[in-house]
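Worksheet: one structure, shown below.
In our numbering, the protein residues as written are 159 to 276.
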């Protein structure tokens, strides 16, 4: 799979009823803006659909959950640890992950993780 971007995934954990974010890693990926495609295909509200789909080849990221964050990080800059999603969104354009599917069948070269976010 050809890649056109790099993404950093930020893991969200709840500690003492507070959201705590820590960096999971930076991965090469194929990044697609899919808002218009999904709206036309499903007929659902624009607020209810994923705006991006990200395919990460050769990495099976089973630890990624809904509500984790994904940041497009083509320049491989260091991401500071912030306290809230709004801060990550303002500083880095972070998006919330809505779905993460691991495709771990077939040969090693065909395995990938698909992430949808809005």
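Virtual Cβ for every residue (Gly too), placed ideally from N, Cα, C. On a predicted model such as this, the values are computed, not experimentally measured, just so you know.
Taking a cut-off of 8 Å on C-beta distances, the stretch 165 to 175 touches the stretch 230 to 240, as three or more cross pairs fall below it. Around the beta carbon of residue 271, a 10 Å sphere encloses 16 or more other beta carbons of the protein chains shown; the residue is thus reported as buried.
For residue 254, the enclosing beta strand (DSSP E) begins and ends at 253 to 261.
Going by beta carbons, residue 254 and residue 243 fall inside the 8 Å limit. When beta bridges are read from the DSSP output, residue 180 appears opposite 169.
When the five nearest sequence neighbours on each side are left out, the beta carbons in the same chain lying within less than 7 Å of the beta carbon of residue 217 are those of 185 and 271, in order along the chain.
Spatial neighbours of residue 181 in its own chain (CB-CB distance under 8 Å, excluding positions within 5 residues in sequence) are listed in chain order as 166, 167, 168, 169, 237 and 239. The alpha-carbon separation between residue 263 and residue 191 amounts to approximately 26 Å. Only residues of its own chain outside the window of five on either side were considered, and among them 167, 168, 169, 170 and 255 have a CB closer than 7 Å to the CB of residue 226, listed in chain order.
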